[in-house]
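First comes the structure, then the notes that go with it.
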Amino acid sequence: MGRKLLLENINVPGINTFEVYRQKGGYRAVEKALKSMSPEDVVEEVKKSGLRGRGGAGFPTGMKWSFLAKPEGKPRYLVCNGDESEPGTFKDRYLMTYIPHLLIEGMIVSSYALGANTSYIYVRGEMMPQIRILEKAIAEAKNAGLLGKNILGSGYDLELYVQPGGGAYICGEETALIESLEGKRGNPRIKPPFPAISGLYNCPTVVNNVESIAATVPIINDGADEYAKMGIGRSTGTKLISASGNLNKPGVYEIELGVSVEEFIYSDEYCGGIANGKRMKAVVAGGSSVPILPANLILKTANGENRLITYESLADGGFATGTMLGSGGFVVFDEDQCIVRNTWNYSRFYHHESCGQCSPCREGTGWMEKVLHRLEYGHGKLSDIDLLVDVSKKIEGNTICPLGDAAAWPVASAIRHFRDEFEWHVTHPDEAMQRNYGLAHYADPLPKPEGVTAN
Amino acid sequence: MLKISNTEEVIFSPELVTKFNEIVSRYPEDKQKSALLPILHLVQAEYGWISTPAMDKVAEYLDLKPIEVYEVATFYTMFFLKPQGKYVLEVCRTGPCCLVGAEKIMKYIEQKLNVKEGEVTPDGLFSWRGVECLAACGTGPVLQIGPEYTYYENLTEAKVDELIDGLRLKTAENAQMI
């Protein structure tokens, strides 16, 4: 069994309560940080750990913290991003449901490090039960003197609040989240200024994912060196992977970064292989926004090496043959799944969730959804396939926030790797309504580089 | 089913206003606009949807222009701007759930309730709609029912039967008690 840092005690009965969490060594990190470390020490420790943002972008958390401006007379804020809306990702919901105090503890440690005296946990509105769970955990922690004025006699004050969202994927983008927390539409802001300079109420703000905040607890408890010993290279520590789709054992798994994709999908310790004895066709490794890969490419890199679950290995080969770790939303497709239909579904999602601020995204996502719909339903033309690539390229990189890229990549990658399946939908419209294209790609040799595969 | 019409004036109960006040206290002075989303959730939980007079009243309470409330209420998909069934079944329709049969479940619900997406059953009890990813992909297909947003996971047709029939029974029993 791999070592766990976040979910080690997840099966302890009552771990969601303050008493049991405390008995199991909970809130030691708060004691250690507030009693024996300066805020700068905590920042330094997180920097040294190599922890990278677990929400998707993978930016080093400690470095993000060190950018925080500290002007006189202005409050600083820590906002936890619990908006978790990326299709395929459900790890934060799991963590908040079953071990809420880990997040509360991480929030206290992190707020102390940043010098924030008021912090918010922004949770998507659909997770009302998790909001109640967190509010109860906050009340328990406050009752025990771990929140409020003069925590543990350290002179440090912190108030912590939970804020519900209203059902908008875009609010997972940090500046949209800040807008939403200010009671506005979730329109991302133009950067710079970055939130570290001007964020919530125009004050210096750090926005971190739930899992990133939780990871600060073992980092402070065991020290950065211990944390950095786990993982491979610049992918240190553990990562929560949300596994879904056609698997025998879908669910949330904590892995040490560096486990091979093959082991993760097929071993009994993790997902236990493909459900119903079927074969694997494709995988989206990091949430719906990252490029989809056919089975052969997710298991091995273009050089024939084993693909590992690390930021670097998953990205190996760039988008021609690689993908991204993203938020760790691992969606597995069996041989009966239709790539065209799935791509259309994702496009509809991005069209629905576009905030409408930038025209390439607002209009482009709509066009991609329309064109994919007609391909899926047998009214497409061969030229539609290149049209989709063209539209995706015109969205990518041309928007204020990364939703544009997130909408473009699934379409571009599906066509890159499964072009013949799209063509088959055009040339065999009636058949495509009756059955799926199947596994043609499973045993395929590695695709040729982009440019060669086009046309 | 209309609890309040779209023109009728809304008066928030003292209990509700107490909750509003608690929420406003979470933010710095003059930043009460931050309370808008939590308050809209409370209003929807109270009335089942959010009418224009209710939005106007929220604007008045938070000292905002009405447009500031309208533009927010129309942006976020969780807020209903027209009356719904007592129970709104919101089924995840996004990719991962579709891999494990969400589309079939949606068809089944449509058939069982015999109303189209977004419409209310004649008894006012149910409406349903597809929503985007609910962050429960590992236990899909999934649906949620507000205002507490309880999740019903690993859905099958039998589980949908159990859920809908159970809610019908509960309503009938409550009616008898009154």
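Chains as they are written, first to last, in my numbering: chain E, 1 to 455; chain R, 456 to 633.
The C-beta atom is built at its ideal place from N, Cα and C for all residues, glycine as well.
- When DSSP assignments are scanned along the stretch 41-119 of chain E, the uninterrupted stretches of alpha helix (DSSP H) that are 4 or more residues long and fall wholly within it turn out to be 61-66, 91-98 and 100-114.
- Neighbours of residue 181 of chain E in chain R, taken as residues at a C-beta separation under 8 Å, are given in chain order as 489.
- Here residue 426 of chain E is actually not in contact with residue 393 of chain E; their C-beta atoms are around 21 Å apart, not less than 8 Å.
- Under the three-state reduction of DSSP, residue 324 of chain E is assigned to coil, being neither helix nor strand.
- Between residue 260 of chain E and residue 293 of chain E, the CB-CB gap reaches or exceeds 7 Å.
- Neighbours of residue 486 of chain R in chain E, taken as residues whose beta carbon is under 7 Å from its own, are 201 in chain order.
- At a Cβ-Cβ threshold of 7 Å, residue 439 of chain E and residue 335 of chain E count as neighbours.
- Excluding five sequence positions before and after residue 615 of chain R, the CB atoms of its chain that fall closer than 7 Å to its own CB belong to 560, 563, 564 and 567, given in chain order.
- In the three-state scheme derived from DSSP, where H, G and I count as helix and E and B as strand, residue 560 of chain R is classed as helix.
- About 6 Å separates the beta carbon of residue 110 of chain E from that of residue 78 of chain E, a gap short enough to meet the 8 Å contact definition.
- Contacts with chain E at 7 Å (Cβ-Cβ) do not include residue 516 of chain R.
- Contact between residue 281 of chain E and residue 295 of chain E is confirmed by a C-beta separation of about 6 Å, below the 8 Å threshold.
- Boundaries of the alpha helix (DSSP H) harbouring residue 131 of chain E: 128-143, taken from the DSSP string.
- At a C-beta separation below 7 Å, residue 184 of chain E has these neighbours in chain R: 527.
- Counting only residues of its own chain and dropping the five nearest sequence neighbours on each side, residue 31 of chain E has a CB closer than 7 Å to the CB of 152.
- Closest in alpha carbon position to residue 251 of chain E, among E:177, E:90 and E:138, is E:90.
- The criterion of a C-beta distance shorter than 7 Å is not satisfied by residue 219 of chain E and residue 347 of chain E.
- For residue 364 of chain E, the uninterrupted alpha helix (DSSP H) run begins and ends at 359-376, by DSSP.
- Rounded to whole angstroms, the gap between the alpha carbons of residue 128 of chain E and residue 386 of chain E is 43 Å.
- In terms of Cβ geometry, residue 404 of chain E and residue 395 of chain E form a close pair [threshold 7 Å].
- Beyond the five residues adjoining it in sequence on each side, residue 493 of chain R comes within less than 7 Å, by CB distance, of 478 in the same chain, given in chain order.
- Contact between the stretch 593-606 of chain R and the stretch 538-552 of chain R is present: 3 or more CB-CB pairs across the two stretches fall below 8 Å.
- At least one CB of chain R lies nearer than 7 Å to the CB of residue 84 of chain E.
- The beta carbon of residue 161 of chain E falls within 7 Å of a beta carbon belonging to chain R, placing the residue at that interface.
- In this chain, the alpha helix (DSSP H) harbouring residue 629 of chain R covers 612-632.
- Here residue 406 of chain E is not near residue 365 of chain E, since their CB atoms are 7 Å or more apart.
- Interface annotation, residue 469 of chain R: not in contact with chain E, CB-CB separation never under 7 Å.
- Contact between the stretch 230-249 of chain E and the stretch 114-123 of chain E is absent: fewer than 3 CB-CB pairs across the two stretches fall below 8 Å.
- When Cβ pairs closer than 8 Å are counted between the two stretches, the stretch 190-199 of chain E is seen not to touch the stretch 96-104 of chain E, the count staying below three.
- Sorting E:181, E:176 and E:156 by C-alpha distance to the C-alpha of residue 164 of chain E places E:181 at the top.
- Residue contact check for residue 73 of chain E against chain R: no CB pair falls below 7 Å.
- Residue pairing by DSSP places residue 209 of chain E opposite E:81 in a beta bridge.
- By DSSP's assignment, residue 284 of chain E forms a beta bridge with E:292 and E:331.
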